[in-house]
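Inspection log for the structure reproduced underneath, given as structure tokens.
In the numbering used here, the protein residues as written are 630 to 748.
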């Protein structure tokens, strides 16, 4: 929980119906083989208990994994890892996975911009 001050990817998502808002902060670094590894992930969530639980679970599912593996995490993985959620709260797991995907997209966009600037 919290922010990563030097995050190289940030994803934000909100749900106007329920009022939940969450941010996912990621730090991606290359290992010795050149693989992109999600070395740190944190979140800030303003919402219900299910929103907080799903945000927390996504950090457990993603931290330390290859970015290519992290990109495959979806809302069902989060629900399964939590042992289920009430149907009315499934949208919280979707929000968590979408925020993670937005953070990864932000990271990749920054890499592309950096490549263009250094070209």
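Quick reminder that beta carbons are idealized off the backbone N, C-alpha and C, glycines included.
Quantities reported herein were computed from a predicted structural model and do not represent experimental measurements.
Excluding the five sequence neighbours on either side, which residues of its own chain have a C-beta within less than 6 Å of the C-beta of residue 639, listed in chain order?
654, 732, 735
Residues of its chain near residue 643, where Cβ-Cβ distance is below 6 Å and the 5 sequence neighbours each way are ignored
650
So, helix, strand or coil for residue 658, using DSSP?
strand
Compare the C-alpha of residue 698 against each of 635, 648, 634, 657 and name the closest.
657
Would you tell me roughly how many angstroms separate the C-alpha atoms of residue 637 and residue 714, rounded to the nearest one?
31 Å
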